[in-house]
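Read through the structure below, which is laid out as structure tokens, and then see the notes.
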Amino acid sequence: MNDLIKKQLNDAKGLMDKAVAHTEAELVKIRAGKANPAMLDSVMVEYYGSPTPISGVASVNTPDPRTIVVQPWEKSILGAIEKAIIDSNVGLNPQNDGSVIRLNVPPLTEERRKDLVKKVKEEAERGKIAIRNIRKDTNAKIQKLKAEGVSEDEIKVGEAEVQKLTDSYIVKVDKHAEVKEKDIMTV
695 MNDLIKKQLN
705 DAKGLMDKAV
715 AHTEAELVKI
725 RAGKANPAML
735 DSVMVEYYGS
745 PTPISGVASV
755 NTPDPRTIVV
765 QPWEKSILGA
775 IEKAIIDSNV
785 GLNPQNDGSV
795 IRLNVPPLTE
805 ERRKDLVKKV
815 KEEAERGKIA
825 IRNIRKDTNA
835 KIQKLKAEGV
845 SEDEIKVGEA
855 EVQKLTDSYI
865 VKVDKHAEVK
875 EKDIMTV
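Following the working numbering, the residues of the sequence shown are numbered contiguously, the last one being 881.
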């Protein structure tokens with residue numbers, strides 16, 4: 695296979711890896727009724743005038759499957775953390791006892807589970823669309839290699855490889871979504 699085509703395939707593989715990793719990160723944020731420190735990853739706390747991730751100002755632990763405990767490194771920031779959690783719309787009510795913040799993760803209702811599964815499917819579809827867009831861009835780049843003297847046959851082989859790559863990454867996204875759906879539907 696032509697080196698130029700191999701380079702395009704490697705670039706596509708790297709981008710598809712990122713698309714799968716992003717999808718995975720988005721799926722982790724969808725809560726499955728179990729406490730998970732990653733549920734607070736998107737929460738930004740106002741810390742000395744700049745927004746800082748909650749993990750940068752406190753330790754976040756799950757002592758049991760239904761509770762998240764946020765232990766700030768400085769007591770003075772407790773109120774700012776509490777406010778950030780409320781403002782972030784993660785759907786959890788912080789309980790501030792003066793030294794730590796506890797977040798109780800309520801069990802999910804059947805209706806809420808179905809909504810979350812819908813969200814998982816939407817996120818998985820976004821991931822697949824990103825992968826298909828990478829395929830389209832890569833195939834366009836491979837087509838442009840004709841001008842650099844790459845043969846029609848090599849271009850066809852390259853496009854077939856891109857399709858194989860695309861299929862394998864879409865399967866990865868589906869597997870992540872399937873695991874998350876099972877997680878959500880498990881009572």
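Even glycine gets a Cβ: it sits at the ideal position worked out from N, Cα and C.
Just so it is clear, the structure is predicted and the values come from calculations on it, not from any experiment.
Buried or exposed: which applies to residue i, given that a residue is buried once 16 or more other Cβ atoms fall within 10 Å of its Cβ?
{"i": "E819", "result": "exposed"}
{"i": "T880", "result": "exposed"}
{"i": "M733", "result": "buried"}
{"i": "K830", "result": "exposed"}
{"i": "P745", "result": "exposed"}
{"i": "E805", "result": "exposed"}
{"i": "K803", "result": "A quick correction: the sequence has Thr, not Lys, at residue 803. With fewer than 16 Cβ atoms within 10 Å of its Cβ, T803 is classed as exposed."}
Please state the DSSP three-state secondary structure of residue i.
{"i": "Y741", "result": "strand"}
{"i": "V814", "result": "helix"}
{"i": "P801", "result": "coil"}
{"i": "D791", "result": "coil"}
{"i": "A729", "result": "coil"}
{"i": "T746", "result": "strand"}
By alpha-carbon positions, which one of the options ends up nearest to residue i?
{"i": "T717", "options": "K858, A841, V814", "result": "V814"}
{"i": "G821", "options": "I699, K700, K712", "result": "K712"}
{"i": "R869", "options": "L721, D697, I699", "result": "The sequence shown places Lys at residue 869, rather than the Arg named in the question. For the residues L721, D697, I699, the minimum Cα distance to K869 belongs to L721."}
{"i": "M695", "options": "L709, R826, V856, V865", "result": "V856"}
{"i": "I699", "options": "T761, I836, I724", "result": "I836"}
{"i": "S749", "options": "D697, V867, I775", "result": "I775"}
{"i": "E816", "options": "I724, M710, L709", "result": "I724"}
{"i": "D791", "options": "V763, K858, V754, N730", "result": "V763"}
{"i": "V784", "options": "I849, M710, V865, S736", "result": "S736"}
{"i": "R807", "options": "E875, D697, K701, V714", "result": "E875"}
With a threshold of 6 Å (Cβ to nearest heavy atom), would residue i be considered close to the ligand NAD?
{"i": "N827", "result": "Ligands are entirely absent from the displayed structure, and the ligand NAD is therefore not among its contents."}
Examine chain B for any beta-carbon lying closer than 7 Å to the beta-carbon of residue i, and answer yes or no.
{"i": "D831", "result": "The structure shown has no chain B; it contains just one protein chain."}
**OP:** Would you check if the stretch 705-719 and the stretch 793-810 touch, i.e. whether three or more CB-CB distances between them fall below 8 Å?
**Re:** no
Original post:
Considering only residues of the stretch 754-791, which uninterrupted beta strand (DSSP E) runs meet the minimum length of 3 residues and lie entirely inside it, listed in chain order?
Top reply: Segments of the beta strand (DSSP E) lying fully in the stretch 754-791: 761-766, 788-790.
Original post:
Does the stretch 764-779 come within contact of the stretch 739-752, defined as at least 3 CB pairs closer than 8 Å?
Top reply: yes
Subject >> Start-end ranges of the beta strand (DSSP E) lying completely within the stretch 824-848, minimum 3 residues >> reply: none
Subject >> Those runs of the alpha helix (DSSP H) which lie wholly inside the stretch 698-725 and span at least 4 residues >> reply: With a minimum length of 4 residues, no continuous alpha helix (DSSP H) run stays inside the stretch 698-725.
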